[in-house]
Structures are given as structure tokens and as C-alpha cells.
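Colleague:
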Amino acid sequence: MAKLVAGVATSHVPAIGAAIDLGKTQEPYWQPVFKGYEPAKRWIAEQKPDVVILVYNDHASAFSLEFIPTFALGCAQEFVPADEGWGPRKVPVVKGHPELAWHIAQSVILDEFDLTIVNNMAVDHGLTVPLSLMFGQPQEWPCQVIPLAVNVVQYPPPTGNRCYNFGKAIRRAVESFDQDLKVVIFGTGGMSHQLQGPRAGLINRQFDTAFLDNLTADPQKLARMPHIDYVREAGSEGIELVMWLIMRGALDAKVREVYRFYHVPASNTAVGHIILENEA
Amino acid sequence: MKGEPNPFDDIPGTTLFDAQRSRQGYHLNMFCMSLMKAANRELFKADEAAYLQTFPMTAEQRDAVLKRDWNRLIGLGGNIYFLAKLFSTDGKSFQHVAAIMTGATQEDYARMMLDGGRSPEGNRSKKDWDNRG
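Protein chains in written order, with numbering that gives the first Met the number 0: chain Y, 0 to 279; chain B, 0 to 132.
#1: Would a check of beta-carbon distances place Gln30 of chain Y closer than 8 Å to chain B?
#2: Looking at the C-beta of Tyr154 of chain Y, does it have a partner C-beta in chain B at a distance below 8 Å?
#3: With Ser191 of chain Y and Leu201 of chain Y assumed to form a contact (beta carbons below 8 Å), what rounded beta-carbon distance in angstroms separates them?
#4: Report the partner residues of Gly73 of chain Y according to the DSSP bridge assignment.
#5: So, for Asp20 of chain Y: in the same chain, excluding its five sequence neighbours on each side, which residues have a beta-carbon less than 7 Å away from its beta-carbon?
#6: Count the C-beta pairs between the stretch 143-151 of chain Y and the stretch 237-247 of chain Y that are closer than 8 Å, then say yes if the count reaches three, no if not.
#7: Whose CA, out of Y:Ala168, Y:Phe206, Y:Leu126 and Y:Asp177, lies closest to the CA of Val51 of chain Y?
#8: Can you tell me whether Asn28 of chain B is helix, strand or coil according to DSSP?
#9: Between the Cα of Gln76 of chain Y and those of Y:Ala59, Y:His58, Y:Pro97 and Y:Asp110, spot the shortest distance and give me the residue it belongs to.
#10: Between Y:Glu278, Y:Ile227 and Y:Tyr261, which lies nearest to Asp17 of chain B when the distance is taken from Cα to Cα?
#11: Mark Ser124 of chain B as exposed unless 16 or more other C-beta atoms lie within 10 angstroms of its C-beta, in which case mark it buried.
#12: Do we get a CB-CB distance below 8 Å when we pair Asn94 of chain B with the residues of chain Y?
#13: Any beta-carbon of chain B closer than 8 Å to the one on Gly84 of chain Y?
#14: May I ask which residues mark the beginning and end of the beta strand (DSSP E) holding His262 of chain Y?
#15: Could you name the residues of chain B that Ala61 of chain Y contacts, counting a contact when the two beta carbons are closer than 9 Å?
#16: Do Gly186 of chain Y and Ile145 of chain Y count as a contact pair if the criterion is CB distance below 8 Å?
#17: Please list, in chain order, the chain B residues whose beta carbon lies closer than 8 Å to that of His58 of chain Y.
#18: So for Phe86 of chain B, helix, strand or coil by DSSP?
#19: Counting pairs of Cβ atoms below 8 Å between the stretch 33-40 of chain Y and the stretch 65-75 of chain Y, do you hit three or more?
#20: How big is the Cα-Cα spacing for Ile43 of chain Y and Trp69 of chain B?
#21: Hey, is His262 of chain Y close to the ligand HEM, as in C-beta under 7 Å from one of its heavy atoms?
#22: When you compare each of Y:Val93, Y:Met224, Y:Gly86 and Y:Pro91 to Gly90 of chain B by their alpha carbons, which one comes out closest?
#23: Can you tell me whether Asn130 of chain B is buried or exposed? The criterion is at least 16 other CB atoms within 10 Å of its CB, across all chains shown.
#24: Can you list the residues of chain Y that Asp17 of chain B reaches, using a CB-CB cut of under 9 Å?
#25: For Arg198 of chain Y, which residues in chain B fall below 8 Å Cβ to Cβ?
#26: Does the structure place the stretch 108-120 of chain B close enough to the stretch 49-60 of chain B that three or more beta carbon pairs sit under 8 Å?
#27: In whole angstroms, what is the alpha-carbon distance linking Phe112 of chain Y and Ala45 of chain B?
#28: So Phe206 of chain Y is in the alpha helix (DSSP H); what residue range does that whole segment cover?
#29: Would the stretch 266-273 of chain Y count as touching the stretch 8-17 of chain Y if we require 3 or more Cβ pairs under 8 Å?
#30: In this structure, how does DSSP classify Gly6 of chain Y when only helix, strand and coil are distinguished?
#31: Can you tell me the Cα-Cα spacing of Leu3 of chain Y and Val122 of chain Y, whole angstroms?
#32: Less than 8 Å between C-beta atoms, sequence neighbours within five positions excluded: which residues of the same chain meet that for Pro155 of chain Y?
#33: Residues of chain B with a CB under 9 Å from the CB of Ser235 of chain Y: which are they?
#34: Would Phe66 of chain Y be called buried (16 or more neighbouring beta carbons within 10 Å of its own) or exposed?
#35: Could you check which residue in Y:Ser235, Y:Lys220 and Y:Pro27 has the C-alpha nearest to that of Pro11 of chain B?
#36: Is Val90 of chain Y helix, strand or coil when you go by DSSP?
Here it is in C-alpha cells:
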């Protein structure tokens with residue numbers, strides 16, 4: 000049977016992707032960010048997951064305002080990097096796992112999480128930057144990836160509680176899949192940041208630290224946090240953090256924090272990263 | 000719902016991209032989306048005003064695009080991730096545009112970010128900004 004063993008959370012700042020693609024990772028501005036991901040790269044190289052379920056948000060790349068799915072699961076064989084206005088990132092095409100993806104879709108829909116099934120979707124920096132941070136610059140990504148896009152652009156995004164419970168449904172789906180696969184789930188976006196208006200540049204280290212602490216200690220408390228607290232305390236784009244709760248919901252009630260990294264700034268954003276393992 | 004104060008309106012310097020903004024900004028944002036294609040970027044750059052006429056936007060929205068008046072574009076229903084297609088076409092970064100929206104020079108804004116960013120202290124409520132004098 001498939002087994003979901005661990006969760007990874009990370010920011011997905013586009014400027015990080017540009018720094019990698021333009022060979023700037025050793026510049027003084029960026030060097031601390033990439034140094035912070037070295038232990039994570041070693042960890043995932045040891046884990047060798049077969050499949051990563053990657054929770055992220057599309058930034059007006061695959062989805063415009065024409066249709067806005069709250070949860071969209073990528074069930075295709077592959078996903079090409081999106082052209083976000085400056086040409087697609089020169090990273091490998093993302094290989095999906097259609098069999099597991101379709102199984103998850105069927106399972107969670109019957110479990111009353113009515114997601115959207117997507118068979119053709121370009122993936123933007125929200126998905127490819129976390130892959131670059133965790134796997135570096137390989138010729139091919141070392142595992143299959145199931146994209147799970149969450150609307151956090153058009154208000155309202157799903158509630159934290161909905162995300163947390165959706166994560167639990169994904170766990171049930173994965174562990175009822177009849178193939179021996181090792182699965183890791185990524186929750187991406189955040190941490191505190193605001194990209195728009197006169198309050199742009201907001202960073203809240205205290206909020207971010209508490210969020211990281213509670214991911215292990217009290218995720219149910221995080222799941223109860225209303226949207227306005229995210230926007231007021233972590234900035235208008237800090238609301239992306241609800242996606243981390245899908246990752247958390249897919250893990251055991253008790254988890255072990257194996258790594259954490261926090262850094263300000265990457266462009267306009269606080270970079271947060273955490274690795275949680277199921278205790279079993 | 001009518002008459003109930005929206006608690007999000009109390010957050011200073013912040014515009015929620017809600018249903019009303021999305022309806023107001025639909026064509027503005029779809030214009031921005033069109034700039035995802037290189038051929039459209041060329042057409043736009045060749046004659047911005049003419050290109051804008053091909054989208055059923057308001058005159059004010061077109062004017063704000065031509066002037067790259069970012070805060071006004073947000074106020075007219077623009078969403079930052081859509082507006083990003085416009086400033087990417089201009090070769091500008093998120094940080095460049097964020098600095099302009101805050102009224103800071105790019106240098107001062109970058110310095111603020113290096114120093115840990117804008118603190119939430121004094122930036123949670125419009126009351127905080129009113130009291131700044």
C-alpha cells in the first residue's frame with residue numbers, strides 16, 4: 000500500500016526561482032537562503048519519495064478569472080512550466096502520477112471534498128520553486144509530482160479548517176492506494192508577506208514563529224484561525240499559509256519536527272520552511 | 000449583509016480582492032492576462048492605447064494602465080498577480096512596484112526589507128494610521 004511518511008512546508012517566492020535560474024545563489028543576498036535549504040536537500044535525498052503531492056497556488060498562470068477552482072488536482076501525465084510573462088523557467092517538465100492522482104480524486108470526492116480534476120495545466124513558480132529548493136537543478140525531477148492547486152488569489156480562499164480536514168481526506172486516499180509507494184506532501188506559500196498597496200512589505204516574525212511552532216504543537220488551533228487574522232497579521236498574501244494546513248492534515252496527529260529554517264527577506268517575503276515526519 | 004461594516008476595511012493600506020473587486024476589475028485583469036503571450040506583449044508595446052481599446056475596460060482603468068498608477072489600478076479592481084503581467088512586460092520586479100505603492104524609493108524599500116520588513120506594530124488598523132498624525 001502507499002504510505003504518506005512526511006510533510007514539507009516552504010515558501011515559493013518567484014525571485015528565488017530567478018536567483019537559481021540566473022546563477023545568483025552564491026551572491027551575499029541569496030546565499031543565506033540557499034544555505035538554509037541544504038539540510039532539507041540532504042533529508043529528501045535520503046527519503047527518496049516516489050511521489051510528492053505538491054499543494055500550491057497558481058498565480059494567474061493556468062487559471063485566470065475565467066474559472067477559479069478552489070481545489071484543483073493535476074491528474075495528467077505531465078505538466079509543463081508556465082510562461083509567467085518572461086518565458087517559462089528552464090526546469091524539467093513535471094511528471095505526474097495519473098493513477099494515484101485519479102485515485103485521490105475519486106476517493107476525496109466520495110469523501111465529500113469536491114475538487115476539480117485537471118488534465119491539462121501549466122505549472123508556475125508556485126510549484127516549480129519548491130521543487131528547485133528541495134531537489135536543486137537536476138536534468139529530471141527525481142520523483143513524480145501530483146499538483147494540487149488551491150485558490151488563494153480570489154477572496155475567499157478555503158478556510159484553514161477546510162484545508163486541514165481536506166489533508167486528512169488526502170491521507171485516507173493515499174493509504175487506500177494499492178501500490179507500494181512512498182509519498183511526501185508539500186504545503187507551499189507564505190510566510191508573512193504583502194505585495195500590494197501602501198502596507199506592502201509587511202513581515203511578522205512573531206506570527207510566523209508561532210505558526211511554525213503550532214504546526215507541530217497545536218494544528219487544530221491554526222485550523223480555527225479566521226482569514227482576517229492572516230491578512231491583518233501576516234499580510235494580504237500571508238493568507239497562502241492555509242495551504243500548509245492541507246499538508247499538516249495529511250500527517251499523524253503527533254509529528255516530529257526534523258528541520259526548520261526562517262529567513263527575512265527574499266524580495267518582499269519571509270521565507271519559512273519546516274519538515275515534519277510521522278512518528279511511526 | 001448590507002450596512003454591516005466589513006472588518007477587512009479596517010486594515011490600512013490593504014485591498015482585499017473580493018467579489019466586488021473581481022467584478023469591477025474583470026476586464027482590466029483579463030487585459031493583463033493577455034500579456035502572458037509574447038505576441039500580445041509586442042502589440043501592446045507598439046501602441047499601448049490602441050491595444051487597451053480592444054478590451055472593454057473603463058476609461059479610468061485604461062488611463063491608470065497608461066500611467067502605471069499601481070495603487071489606483073488596485074483600487075479599480077486590479078489584482079496584484081494579474082498586474083504582475085503588466086510590470087513584467089515592463090521588465091520591472093515585484094519589489095520595484097511594491098516600493099512605488101508604498102511611496103518609498105526602491106532603495107529605501109529594499110533597506111526596510113533587509114532590516115526585517117514593515118512591522119505589524121502600528122500597521123494593524125486604520126486607527127493606527129490615523130493616529131500617526
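Note that the Cβ used here is the ideal one computed from N, Cα and C, for glycine as well.
Fair warning: this is a prediction, and the values are worked out from it, not measured in the lab.
Modeller: Here's the rundown:
#1: no
#2: yes
#3: 6 Å
#4: Y:Val117
#5: Arg88 and Lys89
#6: yes
#7: Y:Leu126
#8: helix
#9: Y:Pro97
#10: Y:Ile227
#11: exposed
#12: Note on identity: in this sequence residue 94 of chain B is Gln, with Asn being the wrong assignment. By this cut-off, Gln94 of chain B is an interface position.
#13: yes
#14: Val254 to Ala265
#15: What Ala61 of chain Y touches in chain B: nothing, since even the nearest Cβ is about 10 Å away.
#16: no
#17: Tyr80 and Ala83
#18: helix
#19: no
#20: 41 Å
#21: Here there are no bound small molecules, and the ligand HEM is not part of this structure.
#22: Y:Gly86
#23: exposed
#24: Gln153, Tyr154 and Pro155
#25: Ile10, Pro11, Gly12, Thr13, Thr101, Arg117 and Asn122
#26: no
#27: 47 Å
#28: Arg204 to Ala216
#29: yes
#30: strand
#31: 23 Å
#32: His226
#33: Ile10, Thr13, Thr14, Leu15, Phe16 and Ile79
#34: exposed
#35: Y:Ser235
#36: coil
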